[in-house]
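The structure under discussion appears below in the form of structure tokens.
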Amino acid sequence: MKIVVIQRLEPVLTEELELSDDGRDIDREWIGFALNQFDDQALEQAVLLKESNGATVTAIAIEDEGSDKMLKNALARGADAAFQIPLDADDVESRSSRALAPLYAAAIRTLAPDLVLVGILSNSDLYGELAPYLGAHTGWPQISAVTEVRLAAGKATVRQEYAGGRAARFEVDTPVIIGLQTAMQPPRYVAGSKLRDLLKVQIPELEVDGAPSADMSHGTTLALPDQSAGAVMFDGDADDIATSIHNLLKEKGFVQ
Amino acid sequence: MTILVLIEHYQGGVADGSLELLTLARTLGGPVTALVLAGSMADVATLAAGLDADTVLAVAAPAVARYASSVYLRSLNAAIAACDPELVLLSYSTAGIDLAAGASVATGREMVAYVTSLTRHGAGFAACSQVYGGKLLATSTLPAQGIAVVMPGAVKAGPRSTGDAPVQTLTVDLGPDGCIRHLETLVPESGGIDLTKAARIVCVGRALGNTDKLPMAEALAKLLGAEIAGSRPVIDAGWLPKPRQIGKSGTKVKPKLYLMAGVSGAPEHLEGMGESELIIALNSDPRAPIFGKAHYGAVCDMFEVMPTLIQKLS
Ligand SMILES: Cc1cc2nc3c(=O)[nH]c(=O)nc-3n(C[C@H](O)[C@H](O)[C@H](O)COP(=O)(O)OP(=O)(O)OC[C@H]3O[C@@H](n4cnc5c(N)ncnc54)[C@H](O)[C@@H]3O)c2cc1C
Ligand SMILES: Nc1ncnc2c1ncn2[C@@H]1O[C@H](COP(=O)(O)O)[C@@H](O)[C@H]1O
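Protein chains in written order, with the numbering used here: chain A, 20 to 275; chain B, 2 to 315.
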């Protein structure tokens, strides 16, 4: 059983997001990037399947600043191989999942896995999520919002989650694309020593036969939401804030 | 030209999100077609009763008796080909995530997701969406023949229709017994907790970090006579049990008091608690989207404010 897991870097949302001059993207110059939280779950699920079923795990990423380190993290966590997909920055108008899906799909065709695991969503997926795009571009079945994956006899069984915590279990033929929400165990920590061992490792490039596609970003503008209609803010130090909340709770009759 | 709305249903009931889409389609104007997939024509008729649509397009086959992404996608693509709608509306649900991007590639249509408002604009539509966990708003022009995935709660569902719309059947090649086969439906484990009944909730987010500080939050909840709850990452990490998850894939609540700490306010969380009567939010990030929704807020370290508040309440 061969598993490909996709790893994507995303802006750290607790940092201040600024917009590019044309308002069509965020300013990527100063913002911190980290592994997409759902791709983190996808990696964990892949490694859990390796441990339970002896699968081999290949992690892939679009080559970018930090992708090398991200893939070394995947190797340290248990991936067997890792590849970066080269992308000429001048060639891309947009880094949305819609735009980059053909590149990932080409890599998947080259690697020919039984299972592709990718996080269910990325913060910037305005034109739809990656897993269903990969389904469309490869012609393979796709299932998202998955919280459990088990393998047996060339088939996968998955648990898909719906509103209100409802769920269903499905049997799926492979190859299949899975948009993972949560792995069956929380992502493991990786020892710094393991990462240091990989310091000198070169993550190879994977040349693929595909080009980014268009999306609507040329006609889309981004803006910071107007929060003026939002919360009444309590200022001061911790004691002032606690006092304000306490007074509010008294005023509204929640406490004496 | 019609607006095509995918109807989702569960155990014989139409999903709220689908009813909201029908209302949205009505406000946009023009004929509305409801796409209903069910196990039999009798089931279609039950589901279609009272839907505010001009036409019901029905796919009736045992393979679509219950939701499965592969057969639903084939049906949706066939429905789009059959009625060439000027707009396709899907709810931002598991099905909306599963189907929208695939249908957009298969039918060559543009799509936009996370839509909070949609209006006519020239020959197409103008859409406002939430991205980056609710930290940014995106305005796009969706050309005619587009697909929009709309946030639950973006529109309030209107009244049910008194008449029944005519039903047209659509025959779809659902493939060889589907490549994604439904095995069983799983009902949520309740663990005896029903947060929908709680009048007061204290909710903690990922910033909790681990279970070391959980007793602090629990002490605060106890003093307020509140139930403790968490955002999805808190439940995924195993810090609190699943029945205590608030949000899109957790419990939807509307308590009198919702005190939240270290929760960013992602759309999927707001979906579960946005209608609470009094929302107080603690977050260290002044730009956290939750401050756009909360009634009262403070930019602070929750681990400094919570003990002080506990002291005042004891
Ligand atoms: C299909 C789907 C379904 C989902 N369902 C749900 C759901 O049901 N419920 C849900 O919650 N999410 C759900 N999510 C996930 C959702 O997208 C967000 O990832 C999640 O809500 C984020 O949780 P959080 O706010 O706790 O964490 P984060 O977004 O990481 O936010 C942590 C916040 O804590 C603040 N903070 C950090 N330190 C401190 C401190 N010391 N004091 C105060 N504040 C601090 C930070 O500024 C930040 O705003 C779903 C996602 C998908 C794709
Ligand atoms: N005790 C804390 N004080 C301030 N920030 C914290 C604390 N614990 C976690 N965070 C922040 O909460 C966010 C989510 O943390 P993590 O679970 O590590 O991803 C990150 O921005 C952390 O830096």
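Even glycine gets a Cβ: it sits at the ideal position worked out from N, Cα and C.
Just so we're clear, the structure is a prediction, and the values are computed from it rather than from any experiment.
heavy atom of ligand 1 below 6 Å from residue i C-beta
i	result
residue 250(B)	yes
residue 230(B)	no
residue 167(B)	no
residue 141(A)	no
residue 55(A)	no
residue 211(B)	no
residue 269(B)	yes
residue 92(A)	no
residue 33(A)	yes
residue 152(B)	no
residue 254(B)	no
residue 66(A)	no
residue 265(B)	yes
residue 144(A)	no
residue 239(B)	no
residue 284(B)	yes
residue 234(B)	yes
residue 208(B)	yes
residue 1(B)	Summary: the structure shown does not reach residue 1(B), with chain B confined to residues 2 through 315, and so no result is reported for it.
residue 164(A)	yes
residue 289(B)	yes
Own chain partners of residue i with C-beta closer than 7 Å, once the 5 adjacent residues on each side are dropped
i	result
residue 154(B)	272 and 275
residue 159(A)	194, 195 and 196
residue 180(A)	164, 166, 186 and 200
residue 64(A)	136, 168, 199, 202 and 203
residue 257(B)	200, 201, 278 and 279
residue 25(B)	90, 119, 151 and 156
Closer than 7 Å to chain B by CB, residue i
i	result
residue 260(A)	yes
residue 187(A)	yes
residue 250(A)	yes
residue 89(A)	no
residue 253(A)	yes
residue 138(A)	no
residue 265(A)	yes
residue 132(A)	no
residue 123(A)	no
residue 224(A)	no
residue 238(A)	yes
residue 141(A)	no
residue 154(A)	yes
residue 184(A)	yes
residue 51(A)	no
residue 82(A)	no
Test: residue i CB closer than 7 Å to a CB of chain A
i	result
residue 306(B)	yes
residue 288(B)	yes
residue 134(B)	yes
residue 237(B)	yes
residue 142(B)	yes
residue 218(B)	no
residue 101(B)	yes
residue 214(B)	no
residue 210(B)	no
Contacts around residue i, its chain only, beta-carbon distance under 6 Å, and the 5 residues preceding and following it disregarded
i	result
residue 229(A)	121, 122 and 125
residue 87(A)	222
residue 145(A)	none
residue 311(B)	220 and 221
residue 2(B)	87
residue 274(A)	268
residue 299(B)	283
Same chain, Cβ closer than 8 Å to residue i, neighbours up to 5 away in sequence not counted
i	result
residue 169(B)	56, 57, 58 and 59
residue 29(B)	4, 88, 119, 120, 121 and 126
residue 194(B)	228, 242, 244 and 245
residue 43(A)	236, 237, 239, 240 and 241
residue 181(B)	69, 70, 71 and 72
At a Cβ cut of 9 Å, what residues of the region 292-303 of chain B count as close to chain A, listed as they run along the chain?
292, 293, 294, 295, 296, 297, 298, 299, 300, 301 and 302
Can you list, in chain order, the residues of the region 178-200 of chain B whose Cβ is nearer than 7 Å to any Cβ on chain A?
180, 181, 182, 183, 184, 185, 186, 187, 188 and 189
Going along the chain, which residues of the region 187-218 of chain A sit with their C-beta nearer than 8 Å to a C-beta in chain B?
187, 188, 189, 190, 191, 192, 195, 198, 200, 201 and 205
To be precise: take each residue of the region 103-117 of chain B, compare its Cβ to all Cβ atoms of chain A, and keep it if any distance is under 9 Å. Which residues remain?
103, 104, 105, 106, 107, 111, 112, 113, 114 and 115
Chain-ordered residues of the region 165-181 of chain A with a beta carbon less than 8 Å from chain B:
176, 178, 179, 180 and 181
Closer than 9 Å between beta carbons: that is the criterion. Which residues of the region 242-257 of chain B meet it against chain A?
243, 244, 246, 249, 250, 251, 252, 253 and 257
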